[in-house]
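Working notes, beginning with the structure itself.
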Amino acid sequence: MPSLPHTISNAAMLLRSKKISSVELTKACIDRIEKIDATLNAVVHRNFQGALAQAKKVDALGTFESPLSGIPYLAKDVYCEKGVTTTACSNVLRNKDYIPPFDSTTTKRLKAASAISLGKTNTDEFTMGASTETSCFGVTKNPWDLSRVAGGSSGGSAAAVAADECFFALATDTGGSIRQPAGFCNCAGMRVTYGRTSRYGVMSMASSLDTIGCITKTVEDTAIVLSAIAGADPLDGTTADVPVPDYRKALTGNVKGLKIGLPKEYFIDGMNAEVESAVRDAVKVLKDLGATVKEISLKHTKYATPTYYVLCPSEVSSNMARYDGVRYGHTVKEPKDLLDYYERVRSEGFGPEVKRRIMIGTYALSAGYYDAYYRQAQKVRTLICKDFEDAFEDVDVILSPISPTPAFKIGAHADDPVAMYLEDVFLDGQVMAGIPCMSVQCGFSKENLPIGLQIMGPQWGEEIVLRTGDAYQKATDWHMRKPRI
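Here you go:
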């Protein structure tokens, strides 16, 4: 068979011309997973027999009407998929091997497009973390440096895409969980406008913050996947009835006249010098393509991470209440009474980070502290939203680093959860505002670690974000580099 094509768009061309079959693509991905994943730990549940059976059906039809027809992908282990084990990488579900009897809206739409599901990727437990170190299956390693994290919580998805275990991977972004691992692993990863994609059938962490998206190799591939999965869903009342364009039509390569904002609050003391240099070089590339650049201020940025870590745990404490061992999940034998049963189910089933967030959130929502913490955080969230609204009256997109440093060492923040939370320092403001933003590959450190550029747009502005990222990729080749693993 020919060598594995790099992107979805290339693979789709080969499938339509009959130069390759979906079965061959699927087998190539399966072989790759079996060869290297014992080292990476990116894939936690495998659906290889189902994938090959579906690929055979796609080849038999031979139409390949959708650009995703016959394309193998992986899904983060929070996407419910009928008949496929889904555990959120938590012992509370793993101990019972939870198998959903239904599909999430996103996986259902991908089935309709004849994409091929290979299985599930590693994630921080219930997506709570920035490194996949809280997964009950153990940490995912970065394919660029096996001593470093792949990021989180979608670290498994990013590592799998970077290492050619699939063509794209579904992921979720609550506080940077698509963008940060994409940046750490040299992938493209997009957080959409809140309400652009359906959350139905995806296990929740924080319902007003969670968004559904993907990690890919190129901006064009992101546009292809987003066109298939975006849109209103009657099963998710938070989705908006906003038309879904063909996002690939936005990829003109033309950014002449584009107004770029550089927020001074995102270029801070202590930032890795190589990260700042790579991002400023990326800005220069876009300027040379005809964009204009101005410094802007998002003055409430310093409050974004503290605000996030009040609101997010508050919603966690509510969403985790359903895992009580009665309706589903982990169970215990011979409890002394109902209270003992609940305590043991959650003590044994949940890991330290989930417990920490449940306790913080329950405290913030308690009668004596609700006004002091949760209500105040919601007020600050409104101010952060206003910062972005005002900024987008003057600029088309906003650029920043993804993270102050490249990927950190496994275990670097094991004894300091606050330091781990601060890894999200450039990623939480957009969450508060519900705006689209994405990570695009923009360079490497001297240690050959990827560096990501963040592109932010106004609400429902996915097209301008994608257009900017695509123009940058057409002018550079960072996204073509592959790890040696």
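Counting in this note's numbering, the sequence shown runs from 4 upward without gaps.
C-beta atoms are modelled at their ideal positions from N, C-alpha and C, and glycine is treated no differently.
Just so you know, these numbers come straight off a predicted model, no measurement behind them.
Distance between beta carbons of Ile11 and Asp148, contact taken as under 8 Å: The pair is not a contact, with the Cβ atoms about 26 Å apart (cut-off 8 Å).
DSSP bridge partner residues for Leu314 (one or two, in chain order): DSSP, once it has assigned bridges, lists no residue as partnering Leu314.
Option in Thr126, Cys315, Asp106 with minimal Cα separation from Ser201: Ranking Thr126, Cys315, Asp106 by CA distance to the CA of Ser201 puts Asp106 first.
Identity of the residues DSSP links to Thr295 by a beta bridge: Bridge partners of Thr295: Lys262.
Beta-carbon proximity check, Ile218 vs Phe171, cutoff 9 Å: yes
Same chain only: Cβ atoms within 6 Å of Thr241, ignoring 5 sequence neighbours per side: Gly198
Residues of its chain near Ser320, where Cβ-Cβ distance is below 6 Å and the 5 sequence neighbours each way are ignored: Ile361, Gly364, Thr365
When Gly256, Lys382, Asp80 are compared against Gly155, the one with the closest alpha-carbon: Asp80
Range of the contiguous beta strand (DSSP E) that encloses Leu64: Where Leu64 is concerned, there is no enclosing beta strand (DSSP E), although the alpha helix (DSSP H) it sits in stretches over 51–64.
Cutoff 6 Å; reference Ala367; Cβ partners in own chain excluding five residues on either side: Val313, Ser317, Tyr376, Tyr377
With 16 other Cβ atoms within 10 Å as the buried cut-off, status of Met4: With a pLDDT of 38 at Met4, under the threshold of 50, the modelled position of that residue is not reliable, and no figure is offered here.
C-alpha gap between Pro498 and Cys139, whole angstroms: Beyond the ends of the chain as shown, which are 4 and 488, falls residue 498; an answer cannot be given.
Alpha helix (DSSP H) runs wholly inside the segment 368–421, at least 4 long, in chain order: 379–394
Reduced DSSP category for Phe429 - H, G, I as helix; E, B as strand; rest coil: coil
Gln476 in three-state terms, based on DSSP: helix
Residues near Ile102 in its chain [Cβ-Cβ closer than 6 Å; skip 5 each side]: Excluding sequence neighbours, Ile102 sits near Thr88.
Thr110: first and last residue of the uninterrupted alpha helix (DSSP H) it sits in: 108–115
Backbone secondary structure at Lys339 - three-state DSSP: coil
Assigned secondary structure, Phe187 (DSSP; H/G/I helix, E/B strand, else coil): Three-state DSSP puts Phe187 in a helix.
Rounded straight-line distance, which links the Cα of Glu37 to that of Gly86: Between Gly86 and Glu37, the C-alpha separation is close to 22 Å.
Beta-carbon contacts of Thr408 that lie in its chain and below 6 Å, excluding the five residues immediately before and after: Asn275
Three-state class that DSSP yields for Gly498 in the structure shown: Since the first and last residues shown for the chain are 4 and 488, residue 498 lies out of range.
Chain-order list of residues whose beta-carbon lies under 8 Å from that of Glu489 (same chain, five-residue window excluded): With the chain covering 4 to 488 only, the question about residue 489 has no answer from this structure.
Per-residue DSSP class, three states only, for Gly332: coil
Enclosing alpha helix (DSSP H) for Arg97 [first to last residue]: 94–97
Three CB pairs or more closer than 8 Å across the segment 459–475 and the segment 434–448: Output reads yes: the segment 434–448 touches the segment 459–475.
Rounded straight-line distance, which links the Cα of Leu289 to that of Lys262: 10 Å
Beta-carbon spacing of Leu452, Ser403 below 9 Å: No, the Cβ-Cβ distance between Leu452 and Ser403 is not below 9 Å.
Closest residue to Arg251 among Ala235, Arg347, Val222, His416 (Cα-Cα distance): Just measuring C-alpha positions, the residue of Ala235, Arg347, Val222, His416 sitting nearest Arg251 is Val222.
Backbone CA spacing between Arg35 and Ala162 [nearest angstrom]: Taking the straight line joining both Cα atoms gives about 13 Å.
Nearest-angstrom Cα separation, counted from Ala233 out to Asp249: 10 Å
Rounded Cβ spacing between Val47 and Asn125 (contact assumed at less than 8 Å): Indeed, because the Cβ distance is near 5 Å, the residues count as touching under 8 Å.
Through-space distance from Tyr82 to Gly73, alpha-carbon basis: 20 Å
Exposure label - Leu64; buried when at least 16 CB within 10 Å: Under this definition Leu64 is an exposed residue.
Contact under 9 Å by Cβ, Gly264 with Ala394: yes
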